[in-house]
Every structure is written in C-alpha cells, then in structure tokens.
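The UniProt record's numbering puts the first residue of the sequence shown at 1, with every later residue one more than the last.
All C-beta atoms, glycine included, are put in the ideal place defined by N, C-alpha and C.
Report on the following structure.
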Amino acid sequence: MSRNRQSVPNRSTDPLDYQRVPRAVAAMPKDFASGFEVLPHVHERAQLIYATAGTMRVSTDDGMWMVPPQRALWMPAGVRHSIIMLSDLTMRTLYLREDAAAFMPEVCRVLPVSALLRELIVRATELPLDYDEKGPAGHVVALIIAELRGLQSLPLQLPMPSDPKLRALCQALLAAPGDSRTLGEWAATLNASARTLARHFQSETGLSFGAWRQQARVLEAMGRLGSGAPVTQVALDLGYDSVSAFSAMFRRAAGTSPSAYRHRP
C-alpha cells in the first residue's frame with residue numbers, strides 16, 4: 001500500500017519544525033543519498049528513527065547501531081547522535097512529545113518494525129502536523145503509540161569506549177570491518193601492550209576485543225544484508241575466508257542464516 005504513496009506536498013524536512021508541534025506525534029519524511037552524514041546533534045523530542053528503504057548507522061557517545069529497514073532506533077530526547085547513510089535512504093522519523101513517550105526506554109534501543117507499524121509510520125507522514133486528534137488521524141497516531149508500547153527491544157548495540165585511543169581503534173574497525181589484525185598488532189600501532197589494551201577494552205566496553213569485533217561484524221552484516229547485498233560478497237568484505245564460516249558465525253549471533261535474514265520481509 002504505502003509504496004505508491006506520496007508525502008504531503010511542501011512538508012518541511014527541517015527537524016526544528018517538528019519539535020514543538022502541539023500534537024503527540026509529528027512525522028517527518030526525508031530522503032538521503034548514500035554516504036550522506038548527519039552531523040552530531042540533539043532534539044527536544046524523542047525520536048523513532050526509521051527508514052522504509054536503505055540502511056543507516058547511528059552513533060552516540062556510548063554506542064553504535066546499524067538500522068536496516070526491518071528495524072527502527074529509539075532515540076530519547078536530548079541524546080547527541082549522528083547518522084551515516086550506508087545506501088540511498090527513505091527516512092520516516094517520528095518525533096514524540098514527552099508525555100507520549102513516557103513509557104518508552106530512557107536509553108537508545110533497536111526495535112522491530114512490523115508490517116502494520118511500517119504502514120502506520122508512512123501514513124503519519126501524510127497527516128497534517130495539526131491533525132484532528134478526534135478524527136481518523138488521531139486514531140492512526142493512537143495506534144502507533146499502542147504498537148510502540150508492545151515492542152520488545154533487540155540486543156543490537158555496539159558499545160563504544162570513551163578512551164581516545166580505543167575509540168580510534170574501534171572507528172578504524174567500523175570503517176574497515178574486514179581488517180583481521182590481532183590485538184597485538186593493533187597494540188603496536190598504539191604504542192601499548194596487548195595486555196593493557198585488552199584490559200582497557202574489557203573495562204570500557206564490557207566485551208573482549210574479539211567479542212567486540214565479532215559484534216561489529218554482525219551488525220555490519222545485518223546492515224548490508226538488509227540492503228540486499230549478496231551473502232558471498234558480505235562474507236568476503238568482512239574478512240571471512242569462506243561463506244560457510246561467515247554463515248556459522250552469523251547464525252550463532254543472529255539466530256538465522258544470512259540468506260534468510262537477507263530475504264526477511
């Protein structure tokens with residue numbers, strides 16, 4: 001249904017125009033080209049960051065989340081974040097008033113998006129910003145809030161360290177997820193011992209270096225597969241010698257095969 005809809009003509013694509021709308025939910029449609037980066041910023045309202053097509057990487061000071069079309073990211077009000085578009089992206093963002101978001105998590109969380117919620121989000125972008133709360137539009141918004149209330153968050157966060165050297169290492173791995181250098185090799189580039197680096201990594205992220213890198217690769221794979229990339233290409237890009245090794249890792253982490261994940265609705 002929603003694939004053939006058009007957004008409300010002349011609707012603003014400036015997030016500032018959605019922060020103080022006198023309604024529980026304000027929905028902004030905005031499209032981005034692959035590679036576009038939204039620099040670090042904050043909003044007065046909490047957001048449900050969602051795209052009907054394309055994959056994005058959302059980062060805060062504390063973590064990183066890969067958001068393919070089957071997922072959305074809950075972003076509480078006032079949290080500083082940036083977004084990188086990993087493909088052409090059709091973003092449909094909901095901004096929730098404080099009282100409407102009172103039941104939602106106080107921290108960022110990845111949420112599943114059902115077919116129904118997808119249609120409701122798209123429909124919300126077609127409503128007037130001052131929609132009639134007692135009419136059909138009000139029922140659409142009420143149903144969106146009811147759907148959000150029942151969602152269970154998904155454990156798809158990648159914690160980011162605050163130490164500048166470790167953060168630089170992590171950002172290098174995110175930029176080149178197929179880099180297979182050992183912790184010892186990374187330690188040499190940072191003028192630190194592998195033991196010290198391992199201890200600091202565990203302390204700052206709660207994960208070992210190997211576990212963090214695997215989680216980074218899982219999230220990267222989810223993003224690429226969610227955008228339709230071939231399984232073999234994803235496996236090679238992430239540094240795996242064989243598709244079978246990559247598939248085994250992905251199945252353990254995601255609970256399904258890469259091909260099944262790629263074709264999920």
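Practice problem: Look at Thr93 and Met28 and say whether their C-beta atoms are less than 8 Å apart. | Solution: yes
Quiz prompt | Within the stretch 65 to 117, ranges of the alpha helix (DSSP H) (whole runs, at least 4 residues) | solution = You should have found no qualifying run.
Quiz item: Is the CB-CB distance between residue 318 and Pro258 below 8 Å?
Solution: The requested residue 318 does not occur in the structure, where the chain is confined to residues 1 to 265.
Quiz item: Beta-carbon separation of Arg109 and Gly223 under 8 Å?
Solution: No.
Quiz item: Nearest CA to the CA of Tyr18: which residue from Ala253, Arg199, Asp130, Val38?
Solution: Asp130
Quiz item: Does the Cβ of Gln233 have 16 or more other Cβ atoms within 10 Å, making it buried, or fewer, making it exposed?
Solution: Gln233 sits exposed, since fewer than 16 C-beta atoms from the chains shown fall within 10 Å of its C-beta.
Quiz item: When burial is assigned at 16 or more other CB atoms within 10 Å of the CB, is Glu220 buried or exposed?
Solution: With 16 or more other Cβ atoms within 10 Å, it is buried.
Exercise. Taking the CB atoms as reference points, tell me whether Val122 and Gln70 lie closer together than 8 Å.
Key: no
Self-check item: Helix, strand or coil at Gln202 [DSSP, three-state]
Solution: helix
Quiz item: Taking the alpha-carbon positions, what's the Ser244 to Thr55 distance?
Solution: When the Cα atoms are used, Ser244 and Thr55 turn out to be separated by approximately 25 Å.
Practice problem: Would you list, in sequence order, the uninterrupted alpha helix (DSSP H) runs of no fewer than 4 residues that lie entirely inside the UniProt domain "HTH araC/xylS-type" (164 to 264)? | Solution: 164 to 175, 183 to 189, 194 to 205, 209 to 226, 231 to 237, 243 to 254, 258 to 262
Quiz item: Residue range of the beta strand (DSSP E) that His139 falls in?
Solution: From DSSP, His139 is part of no beta strand (DSSP E) but of the alpha helix (DSSP H) over 136 to 149.
Self-check item: CB contact flag (Arg80, Val42, <8 Å)
Solution: yes
Quiz item: Which residues share a DSSP beta bridge with His41?
Solution: His81
Quiz prompt | Whole-angstrom distance between Val25 and Ser12, CA atom to CA atom | solution = 15 Å
Quiz item: Residues in its own chain within less than 6 Å of Ile83 by CB, not counting five upstream and five downstream?
Solution: Val38, Met56, Val58
Quiz prompt | C-beta atoms of Leu197 and Ala187 nearer than 8 Å | solution = yes
Quiz item: Among all the DSSP beta bridges, which residues are the ones paired with Val25?
Solution: Leu96
Exercise. Note down the Cα distance separating Ala254 from Met66, rounded to an integer number of angstroms.
Key: 13 Å
Practice problem: Could you check the C-alpha separation between His200 and Gly63 for me, to the nearest Å? | Solution: Between the C-alpha atoms of His200 and Gly63 there is a straight-line separation of about 16 Å.
Quiz item: Whose CA, out of Leu116, Leu169, Ser227, Asp179, lies closest to the CA of Leu151?
Solution: Leu116
Quiz prompt | Gly226 classed as buried or exposed, judged by whether at least 16 other C-beta atoms fall within 10 angstroms | solution = Per the 10 Å Cβ criterion, buried.
Quiz prompt | Buried/exposed call for Gln47, threshold 16 Cβ in 10 Å | solution = buried
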